[in-house]
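*Asks:*
There are 2 protein chains.
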Amino acid sequence: MRYPNKIRKENLNSIINYKNRGMSLENALNITNKYYLDNDIAVIYKKPTPIKVLNTMYKTGKKQMITEAYYQEKSTTDYNGIYKGKYIDFEAKETTNKLSFPLSNIHIHQIKHIKRVLDHGGIAFIIVMFASINKIYLMPGDILYKNKDNKRILLSQFEKDGYEIKEKANLMIDYLKIIDTLYII
Amino acid sequence: MRYPNKIRKENLNSIINYKNRGMSLENALNITNKYYLDNDIAVIYKKPTPIKVLNTMYKTGKKQMITEAYYQEKSTTDYNGIYKGKYIDFEAKETTNKLSFPLSNIHIHQIKHIKRVLDHGGIAFIIVMFASINKIYLMPGDILYKNKDNKRILLSQFEKDGYEIKEKANLMIDYLKIIDTLYII
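So the sequences go chain by chain: A and B.
Quick note on numbering: the first sequence equals residues 885 to 1069 in the numbering used here.
Quick note on numbering: the second sequence equals residues 885 to 1069 in the numbering used here.
#1: When you compare the CB positions of Leu1028(A) and Tyr1047(A), do they come within less than 8 Å of one another, or not?
#2: With a threshold of 8 Å between beta carbons, is His1004(A) in contact with chain B?
#3: Just by C-beta distance, which residues in the segment 941 to 972 of chain A are closer than 9 Å to chain B?
#4: Quick test of your reading: Glu978(B) and Ser908(B), contact by CB under 8 Å. State the CB separation rounded to the nearest angstrom.
#5: Under a CB-based cut-off of 8 Å, is Lys869(B) close to chain A?
#6: Does the beta carbon of Pro932(B) come closer than 8 Å to any beta carbon on chain A?
#7: Excluding the 5 residues preceding and the 5 following Leu938(B) in the sequence, name in chain order all residues of the same chain whose CB lies nearer than 8 Å to its CB.
#8: Check whether the segment 1052 to 1062 of chain A touches the segment 1033 to 1043 of chain A, taking contact to mean three or more Cβ pairs, one atom from each stretch, closer than 8 Å.
#9: Quick check on Gly945(B): buried or exposed, where buried means 16 or more other Cβ atoms within 10 Å of its Cβ?
#10: For Gly1025(B) versus His1004(A), is the C-beta spacing smaller than 8 Å?
#11: For Ile995(A), which residues from the same chain have a beta carbon less than 7 Å from its beta carbon, with the 5 sequence-adjacent residues on both sides left out?
#12: With Asn964(A) and Asn914(B) assumed to form a contact (beta carbons below 8 Å), what rounded beta-carbon distance in angstroms separates them?
#13: Quick one: residues in its chain with C-beta nearer than 6 Å to the C-beta of Thr980(B), no 5 flanking neighbours on either side, listed in chain order?
#14: Which stretch, first to last residue, makes up the beta strand (DSSP E) that contains Leu1060(A)?
#15: Could you work out which residues of chain B lie near Ile935(A), taking near to mean beta carbons separated by less than 8 Å?
#16: Looking only at its chain, what residues have a beta carbon closer than 8 Å to the beta carbon of Tyr929(A), apart from the 5 residues adjacent to it on each side?
#17: Tell me the rounded alpha-carbon separation between Tyr902(B) and Val1012(B).
#18: Measure the CB-CB distance between Ile934(A) and Pro934(B) and report whether it falls below 8 Å.
#19: In chain order, what residues of the same chain lie with their CB nearer than 6 Å to the CB of Leu1038(B), ignoring the 5 residues before and after it?
#20: Determine the burial state of Phe967(B): buried for a count of at least 16 other Cβ atoms within 10 Å of its Cβ, exposed for fewer.
#21: How about Ile1063(A) and Ile1010(A): do their beta carbons lie closer than 8 Å?
#22: Can you list the residues of chain A that Tyr929(B) reaches, using a CB-CB cut of under 8 Å?
#23: Report the residue from Asp1045(A), Glu1051(A), Lys1052(A) and Ala1053(A) whose alpha carbon sits nearest the alpha carbon of Leu1066(A).
#24: Whose C-beta lies closer than 8 Å to the C-beta of Asn989(A) among residues of the same chain, with five residues either side of it excluded?
#25: What does DSSP give as the partner residue(s) for Ala912(B) in the beta ladder?
#26: For a cutoff of 8 Å on Cβ pairs, would you count Arg1036(B) as touching chain A?
#27: What three-state label does DSSP hand Glu1043(B) in the structure shown?
#28: Taking only beta-carbon atoms, is Val1012(B) less than 8 Å away from chain A?
#29: Going by DSSP in three states, Asp924(B) sits in which element: helix, strand or coil?
#30: Using a threshold of 8 Å, state whether the C-beta atoms of Thr961(B) and His997(B) are closer than that.
#31: Glu1051(A): buried (16+ other C-beta within 10 angstroms of its C-beta) or exposed?
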């Protein structure tokens, strides 16, 4: 990213901080996954949102336009891919709650999917951004699964059983660094 | 699948054959992946088609309707998931050509994606159905990559370097059986 020369370093930092505060978790993960891809570290993509198309039309000389469609429920998680030969799978969520993450944010079939991935030898987790306190945690899938019948996971449990992901100056959140410490890969 | 009792076995076979002939590769893979999932063999899904949504509206009491959207180019392949701890990734294509598979069917960035997956230790391949001769082949990703500058892959090369997948009576095409013979997993 290039800034005009007249922006001094302290201003640059404040711009980055401002951007970070306003940046969605999805954007941060896009930047991060692109960094992993461009630097040949991992191949991880966000899956497209499932949409059921009911009607399309062609305008003369234009490409096919979808004129009636509906969002569908996701059957799996948002992100998957490969890292050091391992299958990686995760869901990312933001909450404005200060003290807990409501599990209504994650469908039970997504939690079951995460459990399946773990059972088949993959690495599965969720990344949760507590937007109001500007903290991001990675929570391993097995701990999420143990909590599946609860209404929420407390912030204190994220602090205890999860792993904080610090944002870097280049706007990326390096979650694979935590995966490196959790698994011998 | 249940059939009325009065359908005798020979009729049942002809129904299945008829269904197979008319069935798309995508449907066969849906049935196969569901079988793998239901029997806890593998967790493999088709990714949704990427669609760029430009406009939506709400009708009173109805859910959000997408009124203007466009299909986008895929950046990766159609299918991925996990099998015996390994990352699996593939693209599936049908051709009506009798003697070759035109590589215009697969984008170069999809071939590059397949190469990346191989480089990171995953299992990547394409499945090609030659509809006119009713044959389905699995071709390993490295052989696809070696052919990336060619216009087509000949059927004879599928016969030589690929692996035929036979359709089963229950309408599934058991491609993981071939993966088992190719990799010690």
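Ideal Cβ positions, reconstructed from N, Cα and C, are used throughout, including at glycine.
*Replies:* In terms of the structure at hand:
#1: no
#2: yes
#3: Lys947, Gln948, Met949, Ile950, Thr951, Glu952, Ala953, Tyr954, Tyr955, Gln956, Lys958, Ser959, Thr960, Asn964, Gly965, Ile966, Tyr967, Lys968, Gly969, Lys970, Tyr971 and Ile972
#4: 7 Å
#5: Residue 869(B) lies beyond the residue range present for chain B, which begins at 885 and ends at 1069; the question has no answer from this structure.
#6: yes
#7: Glu952, Ala953 and Tyr954
#8: no
#9: exposed
#10: no
#11: Leu1028, Tyr1029 and Lys1032
#12: That pair is no contact at about 18 Å.
#13: Ala1015 and Ser1016
#14: No beta strand (DSSP E) holds Leu1060(A); the alpha helix (DSSP H) holding it covers Tyr1059 to Leu1066.
#15: Pro932, Thr933, Ile935, Val937, Ile950 and Ala953
#16: Asn917, Tyr963, Asn964 and Gly965
#17: Confidence at Tyr902(B) is low in this model, with a pLDDT of 38, below 50, so the placement of that residue should be treated as unreliable; the coordinate-derived value is given next. Roughly 20 Å separates the two Cα atoms.
#18: The identity of residue 934(A) in the sequence shown is Pro, whereas the question assumes Ile. No.
#19: Ser984
#20: A small correction: the amino acid at residue 967(B) is Tyr; Phe does not occupy that position in the sequence shown. Classification for Tyr967(B): buried.
#21: no
#22: Ser959 and Thr960
#23: Asp1045(A)
#24: Lys977 and Thr979
#25: Partner(s): none; Ala912(B) has no beta bridge.
#26: no
#27: helix
#28: no
#29: coil
#30: yes
#31: buried
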